[in-house]
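Asks: Residue numbers (our numbering), protein chains in the order written: chain G, 1 to 208; chain P, 1 to 208; chain Z, 1 to 208; chain C, 1 to 208.
4 protein chains.
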Amino acid sequence: MPKETFFNLPEEKRQLICDVAIEEFAAYAFERGSVNRIVAKCGIAKGSFYQYFEDKQDLFLYLIRLAGEKKLTYISPVMVNPDQHDFFTLIREMYVAGIRFANDHPGYAEISKRMLANKEGSIYRKVMVDNVPTANAFFEGLLESAVARGEVRADIDIKMTAFMIVSLNQLAMEYHTGQSADVFGENMIEMVDELLAFLKHGIGVRGG
Amino acid sequence: MPKETFFNLPEEKRQLICDVAIEEFAAYAFERGSVNRIVAKCGIAKGSFYQYFEDKQDLFLYLIRLAGEKKLTYISPVMVNPDQHDFFTLIREMYVAGIRFANDHPGYAEISKRMLANKEGSIYRKVMVDNVPTANAFFEGLLESAVARGEVRADIDIKMTAFMIVSLNQLAMEYHTGQSADVFGENMIEMVDELLAFLKHGIGVRGG
Amino acid sequence: MPKETFFNLPEEKRQLICDVAIEEFAAYAFERGSVNRIVAKCGIAKGSFYQYFEDKQDLFLYLIRLAGEKKLTYISPVMVNPDQHDFFTLIREMYVAGIRFANDHPGYAEISKRMLANKEGSIYRKVMVDNVPTANAFFEGLLESAVARGEVRADIDIKMTAFMIVSLNQLAMEYHTGQSADVFGENMIEMVDELLAFLKHGIGVRGG
Amino acid sequence: MPKETFFNLPEEKRQLICDVAIEEFAAYAFERGSVNRIVAKCGIAKGSFYQYFEDKQDLFLYLIRLAGEKKLTYISPVMVNPDQHDFFTLIREMYVAGIRFANDHPGYAEISKRMLANKEGSIYRKVMVDNVPTANAFFEGLLESAVARGEVRADIDIKMTAFMIVSLNQLAMEYHTGQSADVFGENMIEMVDELLAFLKHGIGVRGG
DNA sequence: TATGAATGAGGCTTCATTCAT
DNA sequence: CATGAATGAAGCCTCATTCAT
């Protein structure tokens, strides 16, 4: 975690540092991201950096945490009471939230993705220490309820399906951001709905 | 491409260099992978490295190409005549091939994955120059045929579905390698079949 | 231009670095001059060098600029009002100034000469970007006035003559520094006067 | 000097090596010129190079010698009996010869120039060991005769004037090659004649 | 005689971090 | 709390030359 000095900084400066750092780590992976460049872009002294953060990793982990917090704000309204909603509605909500987040905060989304993609990197493990109850576990729970309620086929492999659902979320974000010049909104909703239909019914013809 | 020098090397030495390099780039992304470490582990002089390869990137692209060639040997038997098979059979074959490849050559699979994950990196684009007709395009073709034959629902978004199928392959590999201490074979086939069922019918209950 | 860091250095250290660097680039051309050697002779860390200068070229261009500034201090007194003096007096002044400069700062003179001699080198062009109105152009102007005033024959080729005059200045410096163990002063003045006579009257006998 | 092996080579190959080497050293100074690049461009083995030449310097000195020999072929006709000609005619001949040489063999001219410009370089001294009776000395002799015959003013400084005449030759070559898109021939002769007039009469007005 | 792989020193540059002020 | 100069290891790459075949 950043040192106290960092949190004593004027909001504005803190924001600047985060923005610049996100830009850096969205452009370069953690190990390649340069403290030198960050402090230069921020216009702060190199020494100051090390009075705000233990080291480069400290900053990075903080950004990852910020990303998580920001993402949380997108999924709050409906997910609060997951039991009061249809399983596929929840998934839909989650996907839309993910895409909206990625749309509003592409930098944060990028570094999260990068970090998750690098499961061997030293960073991944350090993040996971804090976030033990991963998204997968959350969806495993949801899936169990959904199966119990008869919304989802009972013969699925819960763990694998949860993995798939979470991954599809990531893929949906990527697919969406890959589509250039998208009029955000309608198209995105359509895409999510197709994805949902896929999840629900597959792509085989009925009775096939 | 590596220089002639490299191909004149005794098979054994060439193998060593590739193995060490794969190990390096499986552990570190391209930019972080260290030529210094590679030559040290190989026990060759730094100068020698540059008599084999133009530069670090030359080596890396060669490894990617090797990965592609190795992977090809896994998918040959059935995929040769794609028109003579059921769509889902093809997909199944492809998934199994991918997983077998990843199982036998985890290093090569890892660097391929890494490279594909980093669509912004300078490397990705360079690879794509050679491999223009990407996997996605291949599956779009298959999907169109399958829709025409009534094997696949006609109301799907072809491009997105192709994207999804290819990505699921990647995910399947990851999921499989993530499962520790797997008795290879039975479990894997089961997993693929579940994935296929998911692809085909989704996870919603019939009539739901 | 060097970074702020460099100008914040104690005068003494800055001087040392410049002296050492001049020595290096007077002995070796730009591309052959070694940053390693420079930092070693200065007793500073290699990393420090790059906190003072963008790169090797940055240092070199700075030295060239310094050379220009130093040279300027030699030619100020008379050249300020070129129109108030006889053409050959101006030339004479200029030659003496050049030689004095070369005598007091042989290193700076040497690197300037080297740079001007290598018109193909990447450095030359970069220097010329700043110094666009070259010395040649200046003398072309003077020559035109001199022709108009009847001090110089009207049938000369202005451009070529300007080129020659500037080059002769360079040659005079070289000739002078080539003469070993020169009691500076008298001999030099003599030499310049001979050169001037040559410029003015040629070496042919009158009426020849 | 190159080894015997070099001279046993087929004329064609020897020529190729010289051409490529000239190209290299015209583009880069001696120390920067790369044996690697030369052998690569020639398509010969690196080992072969060292069977033809002692080392890089051996090749370079040979090229310089070749340049001298080639230049000689340009000045033979008239200069053979220098005593039978007017001094300024000789100079004129010499200048024209120099420019013709530079025009026909720009590469050889370039490396000669470069070498002469770098009087501090280790190469210069080595060349001078062989060529002791330099061009300067030759002209000093001519000048003395010319003075004796009354063709040249008696009050000149012989050594300096010789130096000047030789240097002007170099300058004339540079000036000529600097002029772009020159229809060779007429313009060049004109230029030389102007230069000669300058040498002879200077640029001051008669009686000035 | 021809070859070309091997070498290791040296080239420039970037880095994260420390520490005295 | 801010500063920014100092550091030296490590980064990639090029070099002229040697030597076994």
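From the three backbone atoms N, C-alpha and C, an ideal C-beta is built for every residue, glycine too.
Please identify, using Cβ separations under 9 Å, the residues of the region 51-74 of chain C that lie next to chain Z, in order along the chain.
Replies: none
Asks: Compare the C-beta of Phe138(C) with all C-beta atoms of chain Z and state if any pair is closer than 8 Å.
Replies: No, Phe138(C) lies away from the interface with chain Z (no Cβ there is under 8 Å from its Cβ).
Asks: Return helix, strand or coil for Gly204(P), following the three-state DSSP convention.
Replies: DSSP places Gly204(P) in strand when its eight states are reduced to three.
Asks: For His201(P) and chain G, any beta-carbon pair shorter than 8 Å?
Replies: yes
Asks: From the DSSP output, which residues share a beta bridge with Val152(P)?
Replies: The partner list for Val152(P) (beta bridge, DSSP) reads Gly204(G).
Asks: Give the residues of chain P in contact with Glu31(G), contact being defined as C-beta atoms less than 9 Å apart.
Replies: Tyr28, Ala29, Glu31 and Arg32
Asks: Using the beta-carbon count (16 or more within 10 Å), is Ala137(G) buried or exposed?
Replies: exposed
Asks: Which residues in the same chain have their Cβ closer than 6 Å to the Cβ of Asn118(P), if we skip the five residues on either side of it in sequence?
Replies: Excluding sequence neighbours, Asn118(P) sits near Tyr124.
Asks: Does any CB atom of chain C fall closer than 8 Å to the CB of Ile38(Z)?
Replies: No, Ile38(Z) lies away from the interface with chain C (no Cβ there is under 8 Å from its Cβ).
Asks: Going by the CB atoms, is the gap between Met115(P) and Asn169(P) shorter than 8 Å?
Replies: no
Asks: Hey, out of Lys70(P), Asp83(P), Asp19(P) and Phe88(P), whose CA is closest to Gly98(P)'s CA?
Replies: Lys70(P)
Asks: I need the straight-line Cα distance from Val251(C) to Phe53(C), nearest angstrom please.
Replies: Residue numbering for chain C in the displayed model covers 1 to 208; residue 251(C) lies beyond these limits and cannot be assessed.
Asks: Thinking C-alpha only, which one of Glu11(Z), Lys13(Z) and Tyr50(Z) is nearest Pro2(Z)?
Replies: Tyr50(Z)
Asks: Closest by CA to Asp155(G), which one among Asp130(P), Tyr74(P), Gly202(P) and Gly178(P)?
Replies: Considering only Asp130(P), Tyr74(P), Gly202(P) and Gly178(P), the residue with the shortest C-alpha distance to Asp155(G) is Gly202(P).
Asks: In angstroms, rounded to a whole number, what distance separates the CA positions of Ser48(G) and Ser122(Z)?
Replies: 39 Å
Asks: Reducing DSSP to helix, strand and coil, say where Ile22(C) ends up.
Replies: In this structure, Ile22(C) counts as helix in the three-state DSSP scheme.
Asks: Check whether chain P comes within 8 Å of Leu16(G), counting only Cβ atoms and requiring the distance to be less than that.
Replies: Against chain P, the CB of Leu16(G) has no partner CB under 8 Å away; the residue lies outside that interface.
Asks: So that I know if they touch, is there some Cβ in chain Z lying closer than 8 Å to that of Val129(C)?
Replies: no
Asks: List the endpoints of the continuous alpha helix (DSSP H) containing Val96(P).
Replies: Residues Phe87 to Asp104.
Asks: If we ignore side chains and look at the alpha-carbon of each, how far apart do Leu9(Z) and Ile17(Z) end up?
Replies: So the two alpha carbons sit approximately 10 Å from each other.
Asks: Please classify Asp58(C): does DSSP put it in a helix, a strand, or coil?
Replies: helix
Asks: Hey, does Tyr175(G) have any beta-carbon neighbour from chain P nearer than 8 Å?
Replies: yes
Asks: Which chain Z residues are close to Phe163(C), counting only those with a beta carbon under 9 Å from its beta carbon?
Replies: Leu171, Glu174, Tyr175 and Gly178
Asks: Residues of chain P with CB under 7 Å from Ser167(G), in chain order?
Replies: Leu171
Asks: Please tell me whether Glu93(P) has its Cβ less than 8 Å away from any Cβ of chain G.
Replies: Answer no: the Cβ-Cβ gap between Glu93(P) and chain G never drops below 8 Å.
Asks: How would you call Ala162(P), buried or exposed, if buried means at least 16 neighbouring beta carbons within 10 angstroms?
Replies: buried
Asks: For a test of the three-state rule: what should DSSP assign to Asn118(Z), helix, strand or coil?
Replies: coil
Asks: If you run the structure through DSSP and keep just helix, strand and coil, what is Val147(Z)?
Replies: helix
Asks: For Ile225(P), collect the residues of the same chain with a Cβ closer than 7 Å to its Cβ; drop the 5 residues on either side in sequence, then sort them by chain order.
Replies: For chain P, the structure presents residues 1 to 208; residue 225(P) sits outside this window and is missing.
Asks: For Val35(Z), which three-state DSSP category applies?
Replies: helix
Asks: Compare the Cα-Cα distances from Phe220(G) to each of Ile44(G), Phe139(G), Arg37(G) and Gly204(G) and report the closest residue.
Replies: What the structure shows of chain G is the stretch from 1 to 208, and residue 220(G) is not part of that stretch, so it cannot be assessed.
Asks: Quick check on Glu194(P) - is its C-beta less than 8 Å from some C-beta in chain G?
Replies: yes
Asks: What distance in whole Å lies between the Cβ atoms of Met173(P) and Ala109(P), which are believed to be in contact at a cut-off of 8 Å?
Replies: 6 Å
Asks: With a threshold of 8 Å between beta-carbons, can Glu144(C) be considered close to chain Z, or not?
Replies: no
Asks: List, in chain order, every chain G residue whose beta-carbon is nearer than 8 Å to that of Met160(P).
Replies: Tyr175, Met191, Glu194 and Leu195
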